[in-house]
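Asker: Just passing along the structure, written as structure tokens.
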Amino acid sequence: MSILRRRDQCRSSLGTPSTRARFSAATRYRSQEDAELHNRNLPEMPAPFQTPPSKPANASTGLLGEGYNTDAQMAQTTPEGQPQEYIPPEQRDDPRLPRSVQAIYLKPLKRRAQYGVPTCDLQLRSYNVRNVEFFADFALRAAYYLHLPAAGPIPLPRITERWTVPRSNFIFKKSQENFERITLRRLIQIQDGHSETVEIWLAFLRKHAYYGVGMKANVWQHEKLGVGKTMDVSLENLKQAMEPKWAHFGRRKTLETSERAFEMMKSEAFQRTGIPLPSSA
Amino acid sequence: MSQFRAKKLDLSCFINVRVLRDHTKRKVFEQYETERQALRYIIRNTTLPGRARAQAQLQLSQMHCYTRSTQINNRCIEGGKSRGVFKDFRMARYPFRMNALEGNIPGVKKASW
Numbered sequence: 001m002s003i004l005r006r007r008d009q010c011r012s013s014l015g016t017p018s019t020r021a022r023f024s025a026a027t028r029y030r031s032q033e034d035a036e037l038h039n040r041n042l043p044e045m046p047a048p049f050q051t052p053p054s055k056p057a058n059a060s061t062g063l064l065g066e067g068y069n070t071d072a073q074m075a076q077t078t079p080e081g082q083p084q085e086y087i088p089p090e091q092r093d094d095p096r097l098p099r100s101v102q103a104i105y106l107k108p109l110k111r112r113a114q115y116g117v118p119t120c121d122l123q124l125r126s127y128n129v130r131n132v133e134f135f136a137d138f139a140l141r142a143a144y145y146l147h148l149p150a151a152g153p154i155p156l157p158r159i160t161e162r163w164t165v166p167r168s169n170f171i172f173k174k175s176q177e178n179f180e181r182i183t184l185r186r187l188i189q190i191q192d193g194h195s196e197t198v199e200i201w202l203a204f205l206r207k208h209a210y211y212g213v214g215m216k217a218n219v220w221q222h223e224k225l226g227v228g229k230t231m232d233v234s235l236e237n238l239k240q241a242m243e244p245k246w247a248h249f250g251r252r253k254t255l256e257t258s259e260r261a262f263e264m265m266k267s268e269a270f271q272r273t274g275i276p277l278p279s280s281a
Numbered sequence: 001m002s003q004f005r006a007k008k009l010d011l012s013c014f015i016n017v018r019v020l021r022d023h024t025k026r027k028v029f030e031q032y033e034t035e036r037q038a039l040r041y042i043i044r045n046t047t048l049p050g051r052a053r054a055q056a057q058l059q060l061s062q063m064h065c066y067t068r069s070t071q072i073n074n075r076c077i078e079g080g081k082s083r084g085v086f087k088d089f090r091m092a093r094y095p096f097r098m099n100a101l102e103g104n105i106p107g108v109k110k111a112s113w
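Residue numbers (full-length UniProt numbering), protein chains in the order written: chain S, 1 to 281; chain L, 1 to 113.
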């Protein structure tokens, strides 16, 4: 949520510098009070640093610095009709966005995997390019801030399904119509991730699931020898958690069937047929 | 048959007699699935005595037809039609077309290639 929200804030503040520049150019000779009032009308802008009075005036020729200069300073710095001299970015006084905010406008950062052992394959599916691209970007950023080395988004082959139906509800097969559904897929692979961190990452993505984007994750864990006993315990615990979800699927009733067969063979009707009593189900 | 039918309506889509019947068949099949499978197991297990297997065959053939999976037939949720029903959308071809054109089915668009 935090990343999403920050992105939104930045979107809204994205428009302001240029508008402010235009505005300040038009009202260059307004008084300081007006500039401050204008500043108060735009609360979502990241708080800019005021040009310190001790600095030389010609240092503040940046985009945002302009609005805050007094008339006297402006007269000194930019005489009309003369091109402004170039100032390298590190010497400029205008405020820049914090690095973490600025990173949102850039490609998502990635961490380098040391061993390259895949621990999680996350597949994102959607019918919409924008949604799946946006969410892949979000997932990569989340992975970066969780210190997970991620590879991707790898575009997987699209799944195209097509249906042809007659246009009419009854006869007239000659006139038909085609429909299609294209599923877009993106793969994000986490390498060398600690299983708990990967779970946190997946839970975070599930919490902030984006509309129209489905997720599927294959998770691999590496254990020491002799995990069988711990797995038995965890399986029992998992059953309670998974049962409500599995209830939505049609499953083969193998266990129930064998129990039922065992019961039947023990019943009186079958015992009379000379069936041997099974020792174990 | 009516002995299996729910006393109270337990469906919320388009309803007619055939839809109700199919719904009942699905429930009955699910209820008796293990029993059918157990009998099939006994019938096919060649290590069991022939008399027992014959007994199981008899029992299986005497089970109600509603317990068979072959009785189930997909029906359109919009109009109850049984023919031309898409499994993906559980809709017959015409309701599917109307819904797809309206944009009610996610991702389905008119195709042109």
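Glycine is no exception: its CB is placed at the ideal position from the N, C-alpha and C atoms.
To be precise: take each residue of the segment 94–110 of chain L, compare its Cβ to all Cβ atoms of chain S, and keep it if any distance is under 7 Å. Which residues remain?
Answerer: Y94, F96, R97, A100, P106, G107, V108, K109, K110
Asker: Classify N41 of chain S as helix, strand or coil using the three-state DSSP reduction.
Answerer: Only weak support is given to the placement of N41 of chain S: the predicted model assigns it a pLDDT of 44, under 50, and the question is left unresolved by the model.
Asker: Looking at the C-beta of A261 of chain S, does it have a partner C-beta in chain L at a distance below 8 Å?
Answerer: Put simply, the CB of A261 of chain S is near chain L, with a gap under 8 Å to one of its CB atoms.
Asker: Using a Cβ cut-off of 7 Å, pull out every chain S residue sitting near E35 of chain L, in sequence order please.
Answerer: R260
Asker: Where does residue 287 of chain S sit, in a helix, a strand or coil, going by DSSP?
Answerer: Any question about residue 287 of chain S goes unanswered here, given that chain S covers just 1 to 281.
Asker: Start and end of the beta strand (DSSP E) containing D121 of chain S?
Answerer: 118–126
Asker: Using a Cβ cut-off of 7 Å, pull out every chain S residue sitting near Y66 of chain L, in sequence order please.
Answerer: Simply none; closest approach about 18 Å.
Asker: Would you identify the three-state DSSP class for R252 of chain S, choosing helix, strand or coil?
Answerer: Three-state DSSP puts R252 of chain S in coil, outside helix and strand.
Asker: At the level of alpha carbons, what is the spacing between W246 of chain S and K239 of chain S?
Answerer: 9 Å
Asker: Using a 10 Å radius around the Cβ and a threshold of 16 neighbouring Cβ atoms, would you call K229 of chain S buried or exposed?
Answerer: exposed
Asker: Taking Cβ positions, are A143 of chain S and Q191 of chain S nearer each other than 8 Å?
Answerer: no
Asker: Quick one: what's got a C-beta closer than 6 Å to R90 of chain L's C-beta in the same chain, skipping five residues either side?
Answerer: I77
Asker: If you count every other CB in all the chains shown that lies within 10 Å of the CB of Q271 of chain S, and 16 or more means buried, which is it?
Answerer: exposed
Asker: Just how far apart, CA to CA, sit Q3 of chain L and R68 of chain L?
Answerer: 16 Å
Asker: For chain S, find out if any of its Cβ atoms is closer than 8 Å to the Cβ of N16 of chain L; answer yes or no.
Answerer: no
Asker: Can you give me, in chain order, the residues of the segment 47–73 of chain L that have a beta carbon less than 7 Å from any beta carbon in chain S?
Answerer: So the list reads L48, P49, R51, A52, Q55, given in the order they occur along the chain.
Asker: What residues match up with P179 of chain S in a beta bridge as DSSP calls it?
Answerer: Checking the sequence shown, residue 179 of chain S turns out to be Phe, not Pro. According to DSSP, F179 of chain S bridges with S:W163, L:K110.
Asker: Since T183 of chain S and R125 of chain S are thought to touch, with beta carbons under 8 Å apart, how far apart are those beta carbons, to the nearest angstrom?
Answerer: 5 Å
Asker: Could you please give the first and the last residue of the uninterrupted alpha helix (DSSP H) stretch that includes M242 of chain S?
Answerer: 228–246
Asker: Quick one, which residues of the UniProt domain "Small ribosomal subunit protein uS10" (121–218) of chain S are near chain L if we go by CB-CB under 9 Å, in chain order?
Answerer: S126, Y127, N128, T160, E161, R162, W163, T164, V165, P166, R167, S168, N169, F170, E177, N178, F179, E180, R181, I182, T183, G212
Asker: Would you call W201 of chain S buried or exposed, if buried means 16 or more other Cβ atoms sit within 10 Å of its Cβ?
Answerer: Label assigned to W201 of chain S: buried.
Asker: How about K110 of chain L and N178 of chain S: do their beta carbons lie closer than 8 Å?
Answerer: yes
Asker: Does the Cβ of Y211 of chain S have 16 or more other Cβ atoms within 10 Å, making it buried, or fewer, making it exposed?
Answerer: exposed
Asker: Chain L partners of A269 of chain S, CB-CB under 9 Å?
Answerer: Q55, Q59
Asker: Quick one: is Y41 of chain L near chain S, going by C-beta distance under 8 Å?
Answerer: yes
Asker: For the alpha helix (DSSP H) that contains S195 of chain S, what are its first and last residues?
Answerer: 195–207
Asker: Going residue by residue through the segment 85–111 of chain S, where are the continuous alpha helix (DSSP H) segments of at least 4 residues, counting only ones entirely within it?
Answerer: 99–102
Asker: Give me the chain L residues within the contact set of E256 of chain S, using Cβ-Cβ distance strictly less than 8 Å, ordered along the chain.
Answerer: T34
Asker: Can you find a CB in chain A that lies within less than 8 Å of the CB of I87 of chain S?
Answerer: Of the chains in the structure shown, none is chain A; the protein chains are S and L.
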